[in-house]
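Undergrad: Pasting in a structure now, in structure tokens, and then I'll have a few things to ask.
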Amino acid sequence: MSAVSATSADMAETRRKSFDLSMPIFIFLALLLTALVALPLFWIIFYSFRSDTGAGATLENFVTLVTDSTLLQAYGLAIGMSLAVGLLSCVVATPMAWLVARTDLPGRKWIRMLVTASFVTPPFLGAIAYEILAAPNTGLANVVYRKIFGLDQSTVLVNIYTFSGLVFAIACFTFPYVFTLVSNALDKVPSDLEDASSILGGNAMTTLRKVTIPMVLPAMLAGTLIAILQSLTMFGSPAIIALPAGFHVITTKIWSLFQFPPRLGLAAASAIPLLILTIILLQTQKAILGRKGYTVLGGKSGSPRLTKFGRWKWVAIAFVLTVLSLTIFFPYLALVKTAFTNTVGDPLTWDTLTLKHWNFVLFEFSATRLAMWNTMLLGVLTATAVTAIALVVSYLVVRRSVTGSKYLGLLATAPVAIPGIVLGVGLFLSYANPTFQLYGTLWILLIAFMTIELPAGYQQMSSSFAGVHPELEEAGRILGASRMTTLRHITAPLLRTSVVAAWCFVFVGTIRELSATILLTTANTKLVSVIIYDLNESGDLGAICVLGILLLLISFAVVYVANRVPVLGGAQMSTRG
Amino acid sequence: MRSLKFAAAALAVSVFTVSASFAQAPAPYSVSPDLLEAAKKEGKVVFYTATDVAVAEKLAELFEKEFPGIDVQVERAGSERVFQRVGQEYSSGIHNADVTETSDAVHFLYFKKQGWLEPMVPQVVADKWPEDEKDPDGNFAAYRAHLSVMAYRSDLMPEADAPKTWTDLLDPKYKGKMVKAHPGYSGTVMTATFVLSELLGWDYFEKLGKQNVMQVQSSTEPPKKLAQGERVLEVDGNEYNVFRLQDDGVQIKIVYPEEGTPLAVGNAAVMKQAPHPNAAKVFYAFLFSLEAQQLNSDFGGLRSFHPDVKEKATKTPLSKIKVLHSDPAKLETQIQTIKTNYEKYFGT
Chain Y
1 MSAVSATSAD MAETRRKSFD LSMPIFIFLA LLLTALVALP LFWIIFYSFR
51 SDTGAGATLE NFVTLVTDST LLQAYGLAIG MSLAVGLLSC VVATPMAWLV
101 ARTDLPGRKW IRMLVTASFV TPPFLGAIAY EILAAPNTGL ANVVYRKIFG
151 LDQSTVLVNI YTFSGLVFAI ACFTFPYVFT LVSNALDKVP SDLEDASSIL
201 GGNAMTTLRK VTIPMVLPAM LAGTLIAILQ SLTMFGSPAI IALPAGFHVI
251 TTKIWSLFQF PPRLGLAAAS AIPLLILTII LLQTQKAILG RKGYTVLGGK
301 SGSPRLTKFG RWKWVAIAFV LTVLSLTIFF PYLALVKTAF TNTVGDPLTW
351 DTLTLKHWNF VLFEFSATRL AMWNTMLLGV LTATAVTAIA LVVSYLVVRR
401 SVTGSKYLGL LATAPVAIPG IVLGVGLFLS YANPTFQLYG TLWILLIAFM
451 TIELPAGYQQ MSSSFAGVHP ELEEAGRILG ASRMTTLRHI TAPLLRTSVV
501 AAWCFVFVGT IRELSATILL TTANTKLVSV IIYDLNESGD LGAICVLGIL
551 LLLISFAVVY VANRVPVLGG AQMSTRG
Chain U
1 MRSLKFAAAA LAVSVFTVSA SFAQAPAPYS VSPDLLEAAK KEGKVVFYTA
51 TDVAVAEKLA ELFEKEFPGI DVQVERAGSE RVFQRVGQEY SSGIHNADVT
101 ETSDAVHFLY FKKQGWLEPM VPQVVADKWP EDEKDPDGNF AAYRAHLSVM
151 AYRSDLMPEA DAPKTWTDLL DPKYKGKMVK AHPGYSGTVM TATFVLSELL
201 GWDYFEKLGK QNVMQVQSST EPPKKLAQGE RVLEVDGNEY NVFRLQDDGV
251 QIKIVYPEEG TPLAVGNAAV MKQAPHPNAA KVFYAFLFSL EAQQLNSDFG
301 GLRSFHPDVK EKATKTPLSK IKVLHSDPAK LETQIQTIKT NYEKYFGT
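Line by line, the protein sequences give chains Y and U. Mapping to full-length UniProt numbering: the first sequence position 528 is 528, numbers consecutive. Mapping to full-length UniProt numbering: the second sequence position 46 is 46, numbers consecutive.
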């Protein structure tokens with residue numbers, strides 16, 4: 001008897017001790033996340049009220065912001081561009097999602113996979129591919145067009161260095177957001193509602209128009225808003241296409257304010273409206289998605305009905321092939337061709353084939369090895385750190401184990417509202433000073449990537465957590481394990497597949513980041529994305545293509561591993577480019 | 001304003017009291033076995049440069065062959081970007097760079113004023129360099145020079161159609177055919193824009209801005225766009241990149257207008273807080289050696305101030321070209337104006 005009570009007292013003792021651990025962890029995480037999010041924002045606001053020329057508080061940065069025509073124009077163009085991208089993405093992605101989810105189109109699985117591939121493509125690499133394809137004179141599309149119709153040199157079919165060219169090149173790599181959301185929503189629309197429509201005499205078109213489309217409308221709008229947000233805050237593609245065309249969007253304009261001597265106050269002030277716009281867009285998205293519940297009213301009642309194509313099948317196939325060619329096949333072929341030929345304009349023959357660019361990148365260019373190493377190191381570190389933090393945070397939040405844990409979830413989601421370039425400005429202001437001296441080290445990049453990727457990792461982990469019934473954990477707790485031990489030995493193994501998937505997505509998201517990175521790297525902390533950008537500024541397209549191919553191979557290898565994991569199908573990607 | 005006074009003072013010193021000012025510079029040095037030993041212990045030198053990346057890497061290769069055991073880390077970006085980087089790093093207390101080199105002479109006046117440079121004079125610079133092309137206090141010296149040239153694809157545009165003067169470029173027939181680099185990125189173009197705005201006035205650029213000019217960043221890029229065939233005529237760009245492409249067999253011809261062609265002088269210096277001070281000293285001396293300067297000329301197409309460098313016969317010698325020099329002290333006061341006007345006329 002006494003032995004037993006001694007044991008249970010022991011157990012209570014250990015339990016209390018280990019139970020206490022979740023409180024310190026909670027406090028630690030709360031402090032960490034607050035620092036990650038609040039510090040950069042604080043400095044942005046602080047600097048926006050500071051004069052660039054002298055000390056002291058001032059409103060002059062905001063006055064410049066609303067009176068300087070170049071800044072206003074940059075904002076105007078950025079907003080116009082992102083709205084156009086959103087619209088284009090929606091118009092292309094919705095029919096495609098319907099074809100894949102609700103028709104008997106052959107190769108539907110492959111199409112979904114290929115669209116995921118354009119997710120993995122860094123948008124700046126896509127923009128460079130389109131420079132090769134659609135530059136007015138040497139663009140392969142124009143060259144082929146002239147050759148086929150025997151036209152002279154001055155005829156131009158497409159010109160990527162225009163506003164519409166920019167919109168197109170961005171939309172190619174943002175439409176997957178709409179596609180993924182809409183096709184997932186279509187998978188869930190119960191077929192009995194559609195059956196009801198048919199029984200009441202509605203033909204296929206009427207059913208589509210009156211039942212199916214209204215049900216997926218929230219997903220369409222939400223996807224479009226993400227595409228708008230993506231392009232509004234994107235740096236790489238506009239820098240590659242808009243600058244040669246002779247205009248700035250807001251992200252490139254903010255970046256140009258960093259030219260020495262930097263105008264930090266004005267840069268900070270210019271970033272604030274971007275932050276506000278982002279928050280508004282996210283709130284709108286939340287409001288729309290909040291109503292999503294009604295689309296799954298019927299639950300999963302049977303498999304979705306597939307529309308059967310007759311002779312229209314070829315039209316559908318042609319449409320899908322066109323979209324896939326424009327977003328995947330052509331850009332990738334252009335990259336490969338340029339990597340193996342002397343200059344972009346060369347025709348592809350045995351004589352023009354060369355390994356010159358590979359030799360340069362792999363053996364002569366001294367930045368390659370360091371950049372590859374840094375990129376891989378940061379990718380692995382960020383992915384591991386974010387997955388670990390997301391796992392613990394979502395455990396604490398979903399299981400409501402500590403009072404105030406909801407606050408943690410909010411903090412982990414908050415960075416989604418901070419555009420990459422704004423975060424770059426904020427982190428530069430926070431950590432590039434004699435106190436911290438983190439600028440110029442990999443730490444500042446690790447902090448940036450963790451902040452950027454945390455929301456995506458957290459969203460993924462918390463939704464997986466919701467799917468694990470607490471009774472298994474309760475069994476562990478009853479047998480005397482602490483919360484953290486239960487998490488380690490029971491919950492985490494159950495969630496292994498989602499953990500691996502989240503890890504991979506964070507990894508891919510990290511190695512394609514450019515918006516924040518561009519302001520934070522120095523010579524010793526170069527990343528592959530940045531040297532690609534540097535090489536673009538000096539016009540070395542061949543070398544860029546080689547580096548881009550290497551980067552893509554690594555991304556695909558990781559995603560391939562991720563795809564071996566069954567849960568991954570509809571997992572959510574990082575919401576940043 | 002202070003900088004202007006300072007530069008004026010420096011200029012006065014250099015003009016009136018050459019011998020006295022020279023006494024302020026440290027005694028010339030050569031690479032001694034002791035120095036080399038110390039440099040090898042450091043094992044590495046970091047070179048911030050604005051020279052075309054292929055040329056800079058070739059130079060690094062020659063150095064590594066000559067001084068095995070010391071690796072060169074080449075960090076190439078546009079002049080203004082290198083300047084921005086050094087500025088950000090030194091203001092944040094970060095000292096990555098050993099040796100810095102850009103094609104905008106203003107930068108070195110600024111670095112010197114900030115006290116970010118370590119004065120030192122390689123023997124060869126003391127012996128062979130013209131007085132105008134080195135700092136009287138020994139902070140920096142002219143490592144290279146090149147012209148910012150107008151050029152065209154001679155196989156795509158007959159010589160009769162090619163422009164002869166700067167103002168010819170305003171002819172509507174060149175609309176949509178030209179490419180040019182950006183003064184916010186390239187020191188060469190910053191210098192050229194300053195010199196030409198003095199010569200032709202800003203309304204020249206205002207009109208040029210309406211010619212639908214393709215805007216690239218680095219002054220290494222317009223010649224590459226010509227080679228690619230994306231445009232047939234460049235408004236500015238490095239002469240040395242044109243030479244390199246001509247060697248590769250690309251049909252490009254340079255136009256040296258009667259009004260003159262802007263010259264960009266690329267200075268080099270050792271940083272005050274160089275992380276590898278001895279390797280930096282060895283590398284700095286190497287930069288001005290005949291072998292390095294000859295390589296720059298042969299492989300890189302750069303102009304050299306070393307009197308013994310032999311130029312290829314295909315190059316027009318500098319003595320036959322009307323060269324427009326710029327006064328860095330005057331340019332320094334104009335930088336913001338140039339950037340603002342440029343954005344007004346060219347959009348970025």
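For each residue, glycine too, the CB sits at the ideal point set by N, CA and C.
Skipping 5 residues on each side, what residues in its chain have a beta carbon closer than 7 angstroms to that of GLN251/U?
TA: Closer than 7 angstroms at Cβ, skipping near neighbours: ARG153, SER154 and ASP155.
Undergrad: With a threshold of 16 other CB atoms inside 10 Å of the CB of ASN241/U, please say whether the residue is buried or exposed.
TA: It counts as buried.
Undergrad: DSSP three-state call for ILE70/U: helix, strand or coil?
TA: DSSP places ILE70/U in coil when its eight states are reduced to three.
Undergrad: Taking TYR431/Y as part of the alpha helix (DSSP H), name the residues at either end of that continuous run.
TA: Where TYR431/Y is concerned, the enclosing alpha helix (DSSP H) stretches over 420-431.
Undergrad: Considering ILE170/Y, what are the terminal residues of the alpha helix (DSSP H) in which it resides?
TA: 163-171 is the span of the alpha helix (DSSP H), which, as asked, contains ILE170/Y.
Undergrad: Runs of 4 residues minimum, wholly inside the region 81-115 of chain U: which ones carry the alpha helix (DSSP H) assignment?
TA: As far as the region 81-115 of chain U is concerned, its whole alpha helix (DSSP H) runs of at least 4 residues are 105-114.
Undergrad: Given a cut-off of 8 angstroms, decide if ALA339/Y and SER237/Y are closer than it, judged by their beta-carbon atoms.
TA: Cβ distance not < 8 angstroms, so SER237/Y and ALA339/Y don't count as in contact.
Undergrad: Can you tell me whether ASP351/Y is buried or exposed, with buried defined as 16 or more other CB within 10 angstroms of its CB?
TA: That one is exposed.
Undergrad: Under 8 angstroms Cβ-Cβ, which residues of chain Y neighbour SER92/U?
TA: Within chain Y, the residues near SER92/U are ALA432, ASN433, PRO434, GLN437, TYR439 and GLY440.
Undergrad: So with Cβ pairs under 8 angstroms, would you call GLU66/U a contact of chain Y?
TA: It does not: the Cβ of GLU66/U has no partner Cβ on chain Y nearer than 8 angstroms.
Undergrad: Looking only at C-alpha atoms, which of GLY457/Y, LEU472/Y and LEU519/Y sits nearest to VAL500/Y?
TA: Ranking GLY457/Y, LEU472/Y and LEU519/Y by Cα distance to VAL500/Y puts GLY457/Y first.
Undergrad: Roughly how many angstroms separate the alpha carbons of LEU200/Y and THR206/Y, rounded to a whole number?
TA: Roughly 11 angstroms between the two C-alpha positions.
Undergrad: Listing by chain order, which chain Y residues have their CB less than 9 angstroms from the CB of TYR48/U?
TA: Here the neighbours are ALA523.
Undergrad: What first and last residue would you give for the alpha helix (DSSP H) that runs through LYS337/Y?
TA: Segment 330-340, the alpha helix (DSSP H) holding LYS337/Y.
Undergrad: Threshold first: 3 residues or longer. Then list the beta strand (DSSP E) segments lying entirely within the region 112-189 of chain U, N to C.
TA: The region 112-189 of chain U contains these whole beta strand (DSSP E) runs: 141-147, 150-153 and 178-180.
Undergrad: Whole angstroms is fine: what's the gap from LEU98/Y's alpha carbon to ARG399/Y's?
TA: The displayed chain sequence assigns Trp, not Leu, to residue 98/Y. Approximately 37 angstroms between the Cα atoms of the pair.
Undergrad: What residue does the alpha helix (DSSP H) around LYS344/U start on, and which one ends it?
TA: Unbroken alpha helix (DSSP H) run through LYS344/U: 328-346.
Undergrad: Between LEU408/Y and the rest of its own chain, which residues show a CB-CB distance below 8 angstroms, the 5 nearest in sequence each way excluded?
TA: So the list reads PHE26, LEU29, ALA30, LEU33, VAL393, LEU396 and VAL397, once near-sequence residues are dropped.
Undergrad: Could you please tell me which residues of the region 223-252 of chain Y, in chain order, have their CB closer than 7 angstroms to any CB of chain U?
TA: Against chain U - using a Cβ distance shorter than 7 angstroms - the residues of the region 223-252 of chain Y are LEU243, PRO244, GLY246, PHE247 and HIS248.
Undergrad: Is GLY244/U close to chain Y, meaning its C-beta is less than 8 angstroms from at least one C-beta of that chain?
TA: Residue identity differs from the one stated: residue 244/U is Arg in this sequence, not Gly. No, ARG244/U lies away from the interface with chain Y (no Cβ there is under 8 angstroms from its Cβ).
Undergrad: Got a sec: which bits of the region 463-496 of chain Y sit with their beta carbon under 8 angstroms from any beta carbon on chain U, in order along the chain?
TA: Taking 8 angstroms as the Cβ-Cβ cut-off against chain U, none of the residues of the region 463-496 of chain Y qualify.
Undergrad: Can you give me the start and stop residues for the alpha helix (DSSP H) that TYR145/Y sits inside?
TA: Unbroken alpha helix (DSSP H) run through TYR145/Y: 140-149.
Undergrad: Where DSSP assigns a beta bridge to ASN238/U, which residues make up the other side?
TA: Partner(s): SER148/U.
Undergrad: Going by C-alpha distance, which of VAL86/U, SER92/U and PRO122/U is nearest PHE108/U?
TA: Closest option to PHE108/U, Cα to Cα, is VAL86/U.
Undergrad: Under the three-state reduction of DSSP, which class applies to LYS262/U: helix, strand or coil?
TA: Going by the sequence as given, residue 262/U is Pro instead of Lys. Note: PRO262/U maps to strand in three-state DSSP.
Undergrad: Sort out for me which residues DSSP pairs TYR29/U with in a bridge.
TA: PRO122/U.
Undergrad: Would you tell me roughly how many angstroms separate the C-alpha atoms of MET484/Y and LEU378/Y, rounded to the nearest one?
TA: So the two alpha carbons sit approximately 27 angstroms from each other.
Undergrad: Apart from the five residues just before and just after ILE132/Y, which ones in its own chain have a Cβ nearer than 6 angstroms to its Cβ?
TA: These residues qualify, in order along the chain: ALA334, THR338 and VAL344.
Undergrad: Taking the alpha-carbon of PHE329/Y as reference, which of LEU114/Y, LEU71/Y and ARG108/Y has the nearest alpha-carbon?
TA: It is LEU114/Y whose Cα lies nearest to the Cα of PHE329/Y.
Undergrad: Helix, strand or coil, according to DSSP, for VAL270/U in the structure here?
TA: VAL270/U: strand per DSSP, three-state reduction.
Undergrad: In chain order, what are the residue ranges of uninterrupted alpha helix (DSSP H) at least 4 long that sit wholly in the region 340-373 of chain Y?
TA: Those alpha helix (DSSP H) runs which fall completely within the region 340-373 of chain Y and span 4+ residues are 356-359.
Undergrad: Using 8 angstroms as the Cβ pair cut-off and three pairs as the minimum, do the region 37-48 of chain U and the region 62-78 of chain U touch?
TA: The region 37-48 of chain U is in contact with the region 62-78 of chain U.
Undergrad: Spell out whether any CB of chain Y is found under 8 angstroms from the CB atom of LYS128/U.
TA: It does not; no Cβ of chain Y falls within 8 angstroms.
Undergrad: Residues of the region 180-194 of chain U in Cβ contact with chain Y at a cutoff of 9 angstroms, in chain order, please.
TA: Against chain Y - using a Cβ distance shorter than 9 angstroms - the residues of the region 180-194 of chain U are HIS182, GLY184 and TYR185.
Undergrad: Against chain U, which members of the region 253-273 of chain Y pass a CB distance test of less than 8 angstroms?
TA: Per Cβ criterion, the list reads SER256, PHE258, GLN259, PHE260, PRO261 and PRO262.
Undergrad: Report back the beta-carbon spacing between PRO119/U and ALA25/U to the nearest angstrom; my notes put them in contact at under 8 angstroms.
TA: About 6 angstroms separates the two Cβ atoms, so the contact holds.
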